[in-house]
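In this note's numbering, the protein residues as written are 14 to 455.
Right under this line is the structure:
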């Protein structure tokens, strides 16, 4: 569907502003705005990660279904992924991202109301609506790649992913202050942290709406159109490249069937790593509390895990830019293998579990950053938002399935059985990476 006339005019205006020097300046500003909004969004998501499972247990009285907190969040993100991508393709990233933040605010309100009414079904619905915040952050990382030069795409994308660290690490530690806020407002203690979530999502949406100008996707599309009609198109953000590292080739030289197969493979790899992460992470709060750990320890452990997910993202981005994305993805699955080993044999050792959760985050970060960069590179510009939305939807759907399964497996065999599932998924991921190497060489 073609953009509305006013959107076409916006694209033309954005293109007129972007000389090569101005494109660099606008891209730098775009990354800063996206980083600021994801810091705020990460604050709310980090708080919800820790409190969601505990709140479900408190409201329903059934610890076996506490994993539904991660599941419902993933379901919401999966449902929102493709619609957000379609909206971005039609109207730009700015509207899609800020509208997603607004919907997440509604989700936080529903969670608080559900806690007050002590209604489990409403709580699950609220967590699902709040899950759109995750979809927004996933879309934000792709937004950082719209105007980026091909050789800087992985780095810029990883910088936005890294910015989640600040809010996401602080978020889980807001459970205690949230309890104070909840008590002062007459709310259940565990629901107080979602007041912070509500405020953080509203602020993130405002930053995106007022700051993300010109819209990076619309500007990149207009710039690509100018290059197509110009006398001598230059290498820029509008030129699609494939096969990161020293073996870069023009995307136009890669057969269509090979491109499609590679895109599907990358989406599957990202989804597999995400399933491993969610399955283990979702049950960590319950495992710690069952082995004598406090809520404070739960918050610290999840903070360490989230720091592992995002803190080294720029490193993974630089490695992907220098050596290619496939080796970084393979290394990520190696780290995930070490993580599930720690959780399988950690027992009641909180330190072993914390080490495992940090490694779990690092492995996830390596696969996600390198995979997102490679997916952007091997996908033609015209269908990038579509493929990116599909990737986010499949990724979150796999997380939802893993979260739902994790509660049952944990109830049966604890972390050892859950880690066995993780090991099987890691093995499948390694097989997929080796297949990806074959596709890249071909």
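C-beta atoms are modelled at their ideal positions from N, C-alpha and C, and glycine is treated no differently.
Exposure label - residue i; buried when at least 16 CB within 10 Å
i, result
"residue 263", "Unreliable positioning characterises residue 263 in this predicted model, as indicated by a pLDDT of 45, which lies under 50. A coordinate reading is not provided."
"residue 273", "exposed"
"residue 66", "buried"
"residue 227", "buried"
"residue 298", "buried"
"residue 245", "Note that residue 245 scores a pLDDT of 42, beneath 50, so its modelled location is shaky; the value from the coordinates is reported in the next line. By the 10 Å Cβ count, residue 245 comes out exposed."
"residue 326", "buried"
"residue 366", "buried"
"residue 43", "buried"
"residue 198", "exposed"
"residue 338", "buried"
"residue 203", "buried"
"residue 255", "Residue placement at residue 255 is poorly supported in this model, since its pLDDT is 41, which falls under 50; the coordinates still yield a value, given next. By the neighbour-count rule (16 or more Cβ atoms within 10 Å), residue 255 is buried."
"residue 361", "exposed"
"residue 35", "exposed"
"residue 451", "exposed"
"residue 111", "buried"
"residue 134", "exposed"
"residue 68", "buried"
"residue 395", "exposed"
"residue 425", "exposed"
"residue 284", "buried"
"residue 38", "exposed"
"residue 195", "buried"
"residue 70", "buried"
"residue 33", "exposed"
"residue 410", "buried"
"residue 440", "exposed"
"residue 420", "buried"
"residue 74", "exposed"
"residue 309", "exposed"
Distance CB(residue i)-CB(residue j) smaller than 8 Å
i, j, result
"residue 167", "residue 382", "yes"
"residue 282", "residue 380", "yes"
"residue 474", "residue 128", "Since the first and last residues shown for the chain are 14 and 455, residue 474 lies out of range."
"residue 12", "residue 192", "Any answer about residue 12 is impossible in this case: the structure gives the chain only from 14 up to 455."
"residue 159", "residue 230", "yes"
"residue 286", "residue 442", "yes"
"residue 64", "residue 188", "yes"
"residue 449", "residue 278", "yes"
"residue 72", "residue 136", "yes"
"residue 40", "residue 161", "yes"
"residue 180", "residue 52", "yes"
"residue 214", "residue 118", "yes"
"residue 436", "residue 328", "no"
"residue 430", "residue 422", "yes"
"residue 378", "residue 331", "no"
"residue 363", "residue 306", "yes"
Presumed contact (8 Å Cβ cut-off) between residue i and residue j, rounded CB distance
i, j, result
"residue 81", "residue 416", "7 Å"
"residue 432", "residue 314", "About 16 Å; that fails the 8 Å criterion."
"residue 141", "residue 406", "Between residue 406 and residue 141 the Cβ distance is about 14 Å, and since that is not below 8 Å, they are no contact."
"residue 13", "residue 210", "Outside the displayed span of the chain (14 to 455) sits residue 13, for which this structure offers no information."
"residue 346", "residue 376", "7 Å"
"residue 6", "residue 225", "Lying before the first or after the last residue shown, residue 6 is absent from the chain, which here runs from 14 to 455."
"residue 324", "residue 178", "5 Å"
"residue 438", "residue 288", "6 Å"
"residue 116", "residue 145", "5 Å"
"residue 150", "residue 54", "5 Å"
"residue 292", "residue 434", "6 Å"
"residue 280", "residue 388", "7 Å"
"residue 399", "residue 102", "7 Å"
"residue 344", "residue 428", "With 8 Å as the limit, residue 344 and residue 428 do not qualify as a contact, their Cβ atoms being about 24 Å apart."
Minimum Cβ-Cβ distance from residue i to chain C less than 8 Å
i, result
"residue 101", "Absent from the structure is chain C; it holds one protein chain and no more."
Heavy atom of the ligand ATP within 7 Å of residue i beta-carbon
i, result
"residue 297", "In the structure on display, the ligand ATP does not appear, and there are no ligands present to speak of."
ask   = Is the stretch 80-100 in contact with the stretch 160-174, if contact means three or more CB pairs nearer than 8 Å?
value = no
request  = Flag this pair as touching only if the stretch 32-51 and the stretch 215-229 have three or more C-beta atom pairs under 8 Å; answer yes or no.
outcome  = yes
query = With contact counted as at least three CB pairs below 8 Å, one residue from each stretch, are the stretch 305-321 and the stretch 364-377 in contact?
reply = yes
Segment contact flag, the stretch 95-113 with the stretch 395-409, C-beta cutoff 8 Å, min 3 pairs = yes
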